Amino acid sequence: MKNKERNLKNQMIKSAANGLIKIIGIKRCYHYMMKYVKQETFQDSKWIASAVGGAGIERELIERKYFDNMIEMEFEGKRFYAPEGYEKYLTNLYGDYMQMPPKEKKSGVAQRKNMVEVENNIPEISIIMPVYNSETFLYLAVESVKRQTMKEWELLLIDDGSSDASGRLCDAYAKEDARIRVFHQENQGITKTRNRGIKEARGEFITFIDNDDEFVEDIMEKSCSYAKKYRADIVKFGYRVEEDFPNGAKEVRDNCIKQQLIITREQCGEEYQNIYRSGYFNMIWNGIYRRTLFEDKKLMFDESVIMGYEDWIFNNQMYLIPKRQVIMDYVGYIHYQRYQHSTSKKFHPNQIEANVKAAEAEYHLLRRMNQEYGTTFTWVLRATDYLIDILFLFERRGCNYGYRDKKKALKWVRSQKVFRIFHKKEQLGNLPKQRKWMAVLFDRQWYMILLILADLYYKFILWKKLRK
6 MKNKERNLKN
16 QMIKSAANGL
26 IKIIGIKRCY
36 HYMMKYVKQE
46 TFQDSKWIAS
56 AVGGAGIERE
66 LIERKYFDNM
76 IEMEFEGKRF
86 YAPEGYEKYL
96 TNLYGDYMQM
106 PPKEKKSGVA
116 QRKNMVEVEN
126 NIPEISIIMP
136 VYNSETFLYL
146 AVESVKRQTM
156 KEWELLLIDD
166 GSSDASGRLC
176 DAYAKEDARI
186 RVFHQENQGI
196 TKTRNRGIKE
206 ARGEFITFID
216 NDDEFVEDIM
226 EKSCSYAKKY
236 RADIVKFGYR
246 VEEDFPNGAK
256 EVRDNCIKQQ
266 LIITREQCGE
276 EYQNIYRSGY
286 FNMIWNGIYR
296 RTLFEDKKLM
306 FDESVIMGYE
316 DWIFNNQMYL
326 IPKRQVIMDY
336 VGYIHYQRYQ
346 HSTSKKFHPN
356 QIEANVKAAE
366 AEYHLLRRMN
376 QEYGTTFTWV
386 LRATDYLIDI
396 LFLFERRGCN
406 YGYRDKKKAL
416 KWVRSQKVFR
426 IFHKKEQLGN
436 LPKQRKWMAV
446 LFDRQWYMIL
456 LILADLYYKF
466 ILWKKLRK
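In this text, residue positions in the sequence shown follow my numbering: the first is 6, and each later residue adds one.
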């Protein structure tokens, strides 16, 4: 009897898997389902959460009782069998894009009235989320916005030509919450997509979130409150990084200043080192920005940058513009570095040029602070940081550069103005011994040795992380 019941349940799972594939076309659902069939773990229907790929979806798991009976379903002329209640689950999750009307639909007049009210109510903050092929994790990112304790926000979902179900999911979210606006465009890259969001934003403040990350639930309320209390143009907060590795290991680390800082433009020079260590310059999504900063200074993201370092360039250009800034001693953002999904783990040839642009932006910032505020920052140490980043780019997933390609890239980097400082022997005396040798190898064009040492150093760092 038990075997008969087990076979029936497995058959139900297979039918549901086939139906899900026909509806949203995600082939991996079948593999997830089959994995659970083999393990015979039908309990609590958790196979559904794994099938659609998002851990957060477990909050809305369909009750197991709905799987007692099978029903015939039809989609786009195709018929298949699935457990009773499966339709309800998918409708709750994906909304109208499956052509299933809601139970209580507002009249056209009511809908238009609702849209007018939303347009007339200017949100306190505009949250810009570029979306690209993130059907698996989009749910978590959107839900982290909807859970905010402050409700006066608008979420701009900008679908950058996604080839999966992300665009349709965005439309579904917008239909269930009038504060969410959706824009579809052909694939243009992260910088053009963020610039589109800035142009469409209506809030007093602007912030950003990646389509696979999460906000802490009270961060919008806290940061906007600080901005008003201290009349700040920028409020930055700390962030948590959750990084996973190919072997299944995971590292969690917080990047946050120890004591809150409130600085004016005149204090930017003396507080630069503390602010730099807080992670201010690395990311764009760890803060809110007064919208007038973008309008008055015409400051936008560099659209020649395709992937990586666009945040560094932007933050270095923005740093001396605000009259007052607050750096909070509070972690308000969770950044996931997933090995298979995160763009920060992938290689793109444009990243080398973007690295140099970021170096140039910081070089001009340090030079300006030395001239205007009397600081004595030296560039050579930061130049070695950027050089190490370039060497580590070659270690990223997807990099198929051979030695000749790497040599050609390093030769080009060496010819750039910001890296010519390594030609000056008197400057190298300010470096620690290990970095001094690296600078000498780079300047003398001993690239083979430099690349071998960089590869060993990268693997040593990775080994240390995996040991934790």
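Quick reminder that beta carbons are idealized off the backbone N, C-alpha and C, glycines included. These numbers were taken from a predicted model, which means no experiment stands behind them.
Given that a residue counts as buried once 16 or more other Cβ atoms are within 10 Å of its Cβ, and exposed if not, what is residue i?
| i | result |
| --- | --- |
| Trp-158 | buried |
| Asp-390 | exposed |
| Glu-315 | buried |
| Arg-186 | buried |
| Trp-317 | buried |
| Glu-431 | exposed |
| Leu-461 | exposed |
| Tyr-408 | exposed |
| Lys-32 | Annotation note: pLDDT 40 at Lys-32 (below 50); position unreliable, coordinate value reported separately. Under this definition Lys-32 is an exposed residue. |
| Asn-216 | buried |
Please report the distance separating the alpha-carbon of residue i from that of residue j.
| i | j | result |
| --- | --- | --- |
| Arg-489 | Tyr-244 | In the structure as shown, the chain starts at 6 and stops at 473, and residue 489 therefore has no counterpart that could be examined. |
| Val-136 | Gly-284 | 24 angstroms |
| Ile-339 | Phe-427 | 37 angstroms |
| Pro-107 | Leu-162 | Confidence at Pro-107 is low in this model, with a pLDDT of 38, below 50, so the placement of that residue is unreliable and no value is reported for it. |
| Ser-420 | Lys-413 | 11 angstroms |
| Thr-141 | Gln-342 | 14 angstroms |
| Phe-188 | Val-336 | 30 angstroms |
| Asp-176 | Asp-169 | 13 angstroms |
| Ile-127 | Ser-309 | 32 angstroms |
| Met-312 | Ile-214 | 16 angstroms |
| Ala-459 | Val-361 | 18 angstroms |
| Val-418 | Leu-370 | 20 angstroms |
| Ile-1 | Asp-410 | Shown here, the chain extends from 6 to 473; a query on residue 1 therefore has no answer. |
| Glu-222 | Cys-261 | 17 angstroms |
| Ala-388 | Arg-199 | 28 angstroms |
| Trp-468 | Tyr-344 | 16 angstroms |
| Met-443 | Leu-436 | 10 angstroms |
| Val-246 | Val-445 | 34 angstroms |
| Asp-182 | Met-134 | 16 angstroms |
| Leu-160 | Val-150 | 8 angstroms |
| Glu-275 | Thr-380 | 7 angstroms |
| Val-478 | Lys-156 | The question about residue 478 has no answer, for the chain in this structure spans 6 to 473. |
Within the continuous beta strand (DSSP E) that includes residue i, where are the two ends?
| i | result |
| --- | --- |
| Trp-158 | 158-165 |
| Arg-173 | Segment 171-181 is the alpha helix (DSSP H) holding Arg-173; no beta strand (DSSP E) there. |
| Lys-255 | 255-260 |
| Ser-131 | 130-136 |
| Ile-268 | 266-269 |
Between which two residues does the alpha helix (DSSP H) holding residue i run?
| i | result |
| --- | --- |
| Tyr-285 | No alpha helix (DSSP H) holds Tyr-285; DSSP gives it neither H nor E. |
| Thr-297 | 296-302 |
| Lys-263 | Here Lys-263 belongs to no alpha helix (DSSP H), and DSSP marks it neither H nor E. |
| Ser-149 | 143-151 |
| Phe-427 | Segment: none, Phe-427 is in no alpha helix (DSSP H) and carries neither H nor E. |
| Phe-447 | 438-448 |
| Tyr-452 | 452-472 |
Consider the Cβ of residue i: report whether some Cβ of chain D lies at a distance smaller than 8 angstroms.
| i | result |
| --- | --- |
| Arg-295 | Absent from the structure is chain D; it holds one protein chain and no more. |
> Would the region 379-393 and the region 324-334 be scored as touching if the rule is three or more Cβ pairs under 8 angstroms?
Replying inline: Not touching, per the Cβ criterion.
> Per the contact definition of three or more C-beta pairs closer than 8 angstroms, is the region 347-366 in contact with the region 392-405?
Replying inline: At 8 angstroms Cβ cutoff, the stretches touch.
> Fully enclosed by the region 189-246, which alpha helix (DSSP H) runs are 4 residues long or longer?
Replying inline: For the alpha helix (DSSP H) assignment, the uninterrupted runs of no fewer than 4 residues enclosed by the region 189-246 are, from N- to C-terminal side, 195-205 and 224-234.
> Should the region 189-206 be regarded as contacting the region 264-271, the criterion being three or more beta carbon pairs within less than 8 angstroms?
Replying inline: The answer is no - the region 264-271 does not touch the region 189-206, with fewer than three Cβ pairs under 8 angstroms.
> Which residue spans inside the region 313-386 form an unbroken beta strand (DSSP E) run of at least 3?
Replying inline: 329-342, all fully within the region 313-386.
> Within the chosen definition, does the region 283-300 reach the region 218-234 through at least 3 CB pairs nearer than 8 angstroms?
Replying inline: Contact between the region 283-300 and the region 218-234 is present, because at least three Cβ pairs lie under 8 angstroms.
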